[in-house]
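Notes follow the structure.
Protein chains in written order, with the working numbering: chain A, 1 to 275; chain B, 1001 to 1063.
Shown next, in the form of structure tokens:
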């Protein structure tokens, strides 16, 4: 899981049975003490593998939306919740956004959220700690970063990595000043999962962006992946498909929706042709 | 009933703030570690590693 704190922006991403939405009230409180007021909120997630294990307020998307509606301040009056469907069972994208009409969103930035399941078993094994390793979790994480080629996804990025015991991996990358990337891995066979997320600008070199995405997917070679892009530009999601399909994937579904205080969200799912 | 495995799919929250007269240009980065731990305690995770630069702070969390 990851937390990124900018002067006026917080991104928090957690897995397992964490109760993420419970962070909203205290964050609004601490921000208020610093003279800051909430002006937009975006909550996203895929379909849980084990939905019945999720505690309140995450037991269903309906419950999450009710909690958000009740928790967010009234100045965030432009609100929308939507489930973006795919043709693959259990691969839907859940989106809630809320924004203040007075504060415009930055339309130059985009966010890519990649969710990968059924990881290549040989590659997934690299995210298990060796039973006899006497490394601490930072050293184990660093070894996984180098062994898997994660350190080559965004050359020059400062990487903060962590290898969980007995398995699992998380890393945050810092690059190009104010950009982040993050990877989280659950490698156990039967419910293996990896995510990759990064931010970019529509003014970035899009060839470079495509290469980054390709390299991230190749670290895991999943059987199924979904990509959500939040952007004002159509070029971003087009680039996603053009980067992923040559890796042996076929696009199975495509959905697009507009959200206040976020822009366009495009949700694409792909499956490996080798499957 | 079979015991489920670990839930990998993440929940992601992005919050933006503004201030006419914020306390500092550092803004939210001034939230101290004790307060952050209270937030993360509500979520049920903890900080396991961190790094930062002049623009932002990044924390790896448990779970």
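From the three backbone atoms N, C-alpha and C, an ideal C-beta is built for every residue, glycine too. Note that the structure is predicted; figures quoted are calculated from it, not measured.
Query	Result
Please name the residue or residues paired with residue 161/A in a DSSP beta bridge.	171/A
Examine the Cβ distances between the region 268-275 of chain A and the region 29-42 of chain A and report whether three or more of them are shorter than 8 Å.	no
Return the first residue and the last residue of the beta strand (DSSP E) that residue 281/A is part of.	In the structure displayed, chain A extends from 1 to 275; residue 281/A sits before or after that span and is not available.
In terms of residue numbering, what span does the alpha helix (DSSP H) encompassing residue 141/A cover?	137-148
Could you work out which residue in 260/A, 265/A, 230/A, 95/A is closest to residue 102/A when comparing CA atoms only?	260/A
Are the CB atoms of residue 83/A and residue 61/A nearer to each other than 8 Å?	yes
Going by the CB atoms, is the gap between residue 100/A and residue 76/A shorter than 8 Å?	yes
Can you tell me the Cβ-Cβ gap for residue 160/A and residue 152/A, rounded? I've got them flagged as a contact below 8 Å.	In fact, because the Cβ distance is near 17 Å, the residues do not count as touching under 8 Å.
Rounded to whole angstroms, what is the Cα-Cα separation between residue 179/A and residue 1051/B?	13 Å
From 157/A, 14/A, 36/A, 25/A, pick the residue whose C-alpha is nearest to that of residue 1024/B; which is it?	36/A
Determine the direct distance from the alpha carbon of residue 219/A to that of residue 57/A, and round the result to whole angstroms.	34 Å
Under the rule that 16 or more other beta-carbon atoms within 10 Å means buried, what is residue 256/A, buried or exposed?	exposed
Out of 196/A, 236/A, 30/A, 150/A, state which residue places its alpha-carbon closest to the alpha-carbon of residue 226/A.	196/A
What residues in the region 166-181 of chain A have a beta carbon less than 9 Å from any beta carbon of chain B?	168, 170, 171, 172, 173, 174, 177, 178, 179, 180
Assuming residue 170/A contacts residue 2/A (C-beta within less than 8 Å), just tell me the rounded distance between them.	7 Å
Verify the CB distance criterion: does residue 1010/B have a CB-CB separation below 8 Å to chain A?	yes
At the level of alpha carbons, what is the spacing between residue 131/A and residue 167/A?	10 Å
Can you list, in chain order, the stretches of the alpha helix (DSSP H) that have 4 or more residues and sit fully within the region 19-45 of chain A?	24-33
Quick check on residue 1018/B: does DSSP put it in helix, strand or coil?	strand
If residue 150/A sits next to residue 1057/B, beta carbons under 8 Å apart, how far is it from one beta carbon to the other, in whole angstroms?	Not quite, the Cβ-Cβ distance comes to about 21 Å (not below 8 Å), so this is no contact.
Give the DSSP bridge partners of residue 1006/B, in chain order.	Bridge partners of residue 1006/B: none, in fact.
Quick check on residue 1033/B - is its C-beta less than 8 Å from some C-beta in chain A?	no
As an exercise, report each continuous beta strand (DSSP E) stretch of at least 3 residues that is fully enclosed by the region 195-246 of chain A, in chain order.	224-231
Anything in chain B within Cβ reach of residue 276/A, meaning under 9 Å, just list it in chain order.	Here chain A has residues from 1 to 275 only, and residue 276/A is not among them.
Taking only beta-carbon positions, decide if residue 268/A is within less than 8 Å of chain B.	no
Under three-state DSSP, which class holds residue 264/A?	strand
Going by C-alpha to C-alpha distance, which of 235/A, 158/A, 13/A, 217/A sits closest to residue 114/A?	217/A
Is residue 1035/B near residue 30/A, with beta carbons less than 8 Å apart?	yes
At the 8 Å Cβ level, is residue 113/A part of the contact set with chain B, yes or no?	yes
Residues in its own chain within less than 7 Å of residue 126/A by CB, not counting five upstream and five downstream?	144, 147, 148
So with Cβ pairs under 8 Å, would you call residue 1063/B a contact of chain A?	yes
Ordered along the chain, which non-local residues of its own chain (more than five positions away) have a Cβ less than 7 Å from that of residue 140/A?	129, 133, 163
Please name the residues in the region 136-167 of chain A whose beta-carbon is closer than 9 Å to at least one beta-carbon of chain D, in chain order.	In the structure shown, chain D does not exist; the protein chains are A and B.
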